[in-house]
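**Q**
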Amino acid sequence: TDGENFADAMFVNISVVHGKVSSKTFSCRETRVAQKLAEKLLKKAKANVKLNLEDGFLDFYSINRQAPHFDKSFPSDVAVREDLPVGASILKIKAYDADSGFNGKVVY
182 TDGENFADAM FVNISVVHGK VSSKTFSCRE TRVAQKLAEK LLKKAKANVK
232 LNLEDGFLDF YSINRQAPHF DKSFPSDVAV REDLPVGASI LKIKAYDADS
282 GFNGKVVY
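Numbering-wise, the sequence shown is residues 182 to 289 according to our numbering.
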């Protein structure tokens, strides 16, 4: 997401399978909504209750509360050799994000 004002929708499709629901499957530490929904759907499936389509889909709107922090040594200019092979690493940047779950991942 891009801060407090806007959020990108993240759609989660959960398929109900018979068996134990693993808590490792759901890594959303901020809400645990997906895990609770899966447990509800599994309980209905075991009781042979007909599932409504809307029971199986949720829209998650999450807020990125903490901006990523980059290492102080972040360069302003980088020189790249023109004979460098495709896929070679040219720069390593250290960064961290204090958010938990998906919002804590720094991708650039």
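By construction, the Cβ of each residue, glycine as well, lies at the ideal position given by its N, Cα and C atoms.
1. Using a Cβ-Cβ cutoff of less than 8 Å, which residues in the same chain neighbour Ile271 once the five nearest sequence positions on both sides are dropped?
2. Between the beta-carbon of Ala269 and the beta-carbon of Gln247, is there less than 7 Å?
3. For Ala224 versus Asp252, is the C-beta spacing smaller than 7 Å?
4. Which of helix, strand or coil does DSSP assign to Ala269?
5. For Ala276, list the residues DSSP reports as bridge partners.
6. Going by DSSP in three states, Glu220 sits in which element: helix, strand or coil?
7. By DSSP, does Lys227 sit in helix, in strand, or in coil?
8. Ordered along the chain, which non-local residues of its own chain (more than five positions away) have a Cβ less than 8 Å from that of Pro249?
9. Output the distance between the C-alpha atoms of Val267 and Lys273, rounded to the nearest integer angstrom.
10. What is the rounded straight-line gap between the Cα of Leu222 and the Cα of Ser254?
**A** Short version:
1. Here residue 271 is taken as the residue at index 90 of the sequence shown, counted from 1. If we look at Ile271 and ignore the five residues flanking it on each side, its Cβ neighbours are Val259, Val261, Leu265.
2. The sequence position of residue 269 within the sequence shown is 88, counting from 1. The sequence position of residue 247 within the sequence shown is 66, counting from 1. No, the Cβ-Cβ distance between Ala269 and Gln247 is not below 7 Å.
3. In the sequence shown, counting from the first residue as 1, residue 224 sits at position 43. In the sequence shown, counting from the first residue as 1, residue 252 sits at position 71. First, the amino acid is wrong: residue 224 is Lys here, not Ala. Taking 7 Å as the Cβ cut-off, Lys224 and Asp252 do not qualify as a contacting pair.
4. Residue 269 sits at position 88 when you count from the first residue of the sequence shown. Of the three classes helix, strand and coil, the one that applies to Ala269 here is coil, per DSSP.
5. As a first step, residue 276 must be located in the sequence shown, where it is residue number 95. Paired residue(s): Phe251.
6. Numbered from its first residue, the sequence shown carries residue 220 at position 39. It is helical.
7. Translated into positions along the sequence shown, residue 227 becomes position 46. The answer is helix: DSSP assigns Lys227 an H, G or I state.
8. As a first step, residue 249 must be located in the sequence shown, where it is residue number 68. Closer than 8 Å at Cβ, skipping near neighbours: Ala276, Tyr277, Asp278, Val287.
9. The residue labelled residue 267 in the question sits at position 86 within the sequence shown. The residue labelled residue 273 in the question sits at position 92 within the sequence shown. Taking the straight line joining both Cα atoms gives about 16 Å.
10. Here residue 222 refers to the residue found at position 41 of the sequence shown. Here residue 254 refers to the residue found at position 73 of the sequence shown. Distance between the alpha carbons of Leu222 and Ser254: 49 Å.
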